[in-house]
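Q: In my numbering, the protein residues as written are 1316 to 1669. Cβ atoms here follow ideal geometry from the backbone N, Cα and C, with glycine treated the same way. Bear in mind the structure is a predicted one, so any value in this text is a computation, not a measurement. Dropping the structure in here first, questions after.
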Amino acid sequence: MKKSLLRLSLGQRLAAGFAAVIVLLGAVSAYSWHTMNTLQAQLNDAVGSSSRRLETVHQLKEAVLAEEGHLLALMLADQPAKARVLTEQLDGAHRRVTELGRQLAELETGGAPRDLQLALGGYNSEIAQIREMLDIEDRYGANTEVNIELRQRRTALFGVLDHMLAARGAQLQQAMQSSNASVSAARLWLVVLGATAAVIALFTGWRITRTVMREVGVDLNAAVDLAADLANGKLKLSMRRADFGAGSVMDSLLAMRDRMMDGWRYRKTAAGNAALTARDKLVDGRARQLLVLIDGQRALSALIEVFGETAWAQLRELEAMGFITRADGMAAPVDVPVEAVMQAFEPELVPEPA
């Protein structure tokens, strides 16, 4: 695995590192999204279901009270037309109580629907019995039933409804506690995953930085200084490629230096031949020795092995003076007649004709 990673280029390593961080952050985001959606669904279900149940319970209570009010008004009606209107209102209220009771029974679970049906059945049967008494104009018996039996049936029905309200409130509280626990757990997981992502990102960044520095060289300033020295003719022969990582900037610069030293060859020009022949005062002893060895076949590296690092500066000086030029692959120097060179550069040394 390590060898496979080492064979990857710098760009591929950077891409792999950033891809790993992006994938991890994507996993954290996906987990957060899923957790939040789950919590939202749980809260919506708990709150929505509880709200519908609570609303239905209160509507049923109101409908029961409205039906009882219509019944009492019917007991006091003294005109047939008014009695018919109140009877229609009582029938509508009774239908609403029955419908709300059915809806509430469908919403509830466990034993609550059975208790509701029993309490609501007892209440409805008492309402029916009172209406039969009113049909036979037994107002005294109806009044007694309203004050005693109907009140007990209504109290029993409201007790069941209040118990359902309490149970629903407890379930809602439990749902809220469960949601809070889920939120806390999700928050903890998000913190853990975020910390893990941060650690991996830091590790990846450290590895990438280390790889980059190993690839380009530990000290960029040293590379800049070396490039400047090479441009100014300082070959830095004490620096070896083995001291730097393969592929680094320093290694590349030193490789360029070595290729330059192996590829550059010089040959003497006519002025160089004349300088040697006439022993030009502009060429000192060391430069003259260097000029003697220049024949277009020795590479710069060979000349430096003999004369040292300063040979390049001297070669550039001789080149600026016009004594040598780049050979460009020429195998031998150009022979120039000594008399012509002497006449061109040292005319006082040419003997006068007799």
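So, with DSSP's three-state summary, where would you put S1584?
A: Note that residue 1584 is Thr in the sequence shown, not Ser. Coil, per DSSP.
Q: Give the DSSP bridge partners of T1470, in chain order.
A: Its beta-bridge partners do not exist; DSSP assigns none.
Q: Can you give me the C-alpha to C-alpha distance between L1358 and A1496, rounded to a whole angstrom?
A: Roughly 12 Å separates the two Cα atoms.
Q: To the nearest angstrom, report how far apart S1590 and V1598 are at their CA atoms.
A: Looking at the sequence itself, residue 1590 is Ala, so the reference to Ser does not match. If you take the alpha carbons of A1590 and V1598, they lie about 7 Å apart.
Q: Might you give, ordered along the chain, the residues of its own chain that have their beta carbon closer than 7 Å to the beta carbon of L1389, omitting 5 neighbours on each side?
A: The beta carbon of L1389 sits closer than 7 Å to the beta carbons of A1398, L1401, T1402, L1405 and L1449 from its chain, once the five residues preceding and following it are set aside; these are given in chain order.
Q: Per DSSP, what kind of secondary structure is R1572 in: helix, strand or coil?
A: helix
Q: Among A1434, R1417 and R1468, which has the Cα closest to the Cα of I1445?
A: R1468
Q: Could you check if F1518 is buried or exposed, using at least 16 other CB atoms within 10 Å of its CB as the buried criterion?
A: exposed
Q: Compute the Euclidean distance between the alpha carbons of D1577 and Q1327, then round it to the nearest angstrom.
A: 34 Å
Q: Whose C-alpha, out of L1569, L1505 and V1621, is nearest the C-alpha of S1553?
A: L1569
Q: Under the criterion of a Cβ to heavy atom distance below 7 Å, does H1349 qualify as lining the ligand FAD?
A: Annotation note on the ligand FAD: not contained in the displayed structure, which lists no ligands.
Q: Between which two residues does the alpha helix (DSSP H) containing R1641 stretch?
A: No alpha helix (DSSP H) contains R1641, which is instead part of the beta strand (DSSP E) from I1639 to R1641.
Q: Between the alpha carbons of H1347 and G1562, how many angstroms are there, rounded?
A: Residue identity differs from the one stated: residue 1347 is Ser in this sequence, not His. Going from the Cα of S1347 to the Cα of G1562 covers about 43 Å.
Q: Do you know how far the Cα of A1408 is from the Cα of A1381?
A: 7 Å
Q: Kindly indicate which residue of M1479, P1428 and E1441 has the alpha-carbon position closest to the one of R1466.
A: It is E1441 whose Cα lies nearest to the Cα of R1466.
Q: Quick one: using the 10 Å Cβ neighbour count with 16 as the cut-off for buried, is W1521 buried or exposed?
A: exposed
Q: How big is the Cα-Cα spacing for D1477 and A1356?
A: 27 Å
Q: What's the call for Q1629, buried or exposed, on a 16-neighbour Cβ count within 10 Å?
A: buried
Q: Please check the pair A1510 and V1336, which I expect to be a contact at CB under 8 Å, by giving their CB distance rounded to whole angstroms.
A: Going by Cβ atoms, the distance from A1510 to V1336 rounds to 14 Å, so no, they are not a contact pair.
Q: Indicate whether A1434 and L1472 have their beta-carbon atoms separated by less than 8 Å.
A: yes
Q: Taking 8 Å as the threshold (C-beta atoms), are R1368 and L1431 in contact?
A: no
Q: Using three-state DSSP, classify A1614 as helix, strand or coil.
A: Reduced to three states, the DSSP call for A1614 is strand.
Q: So for S1553, helix, strand or coil by DSSP?
A: coil
Q: Please determine, among L1508, R1429 and V1372, the residue with the shortest C-alpha to C-alpha distance to G1484.
A: Comparing Cα-Cα distances from G1484 to each of L1508, R1429 and V1372, the minimum goes to V1372.
Q: For D1406, report the span of its alpha helix (DSSP H) as first-last.
A: Start and end: P1395 to L1422.
Q: Taking the C-alpha atoms as reference points, what is the distance between V1514 and A1490?
A: 36 Å
Q: Please identify the residue among G1474, W1504, A1481 and Q1488 whose C-alpha is closest to the C-alpha of V1343.
A: W1504
Q: Can I1609 and Y1581 be called in contact, C-beta distance under 8 Å?
A: yes
Q: Within this structure, are the beta carbons of S1329 and I1523 separated by less than 8 Å?
A: According to the sequence provided, residue 1329 is Leu. The question's Ser does not apply to it. Yes.
Q: For S1494 versus L1354, is the C-beta distance shorter than 8 Å?
A: yes
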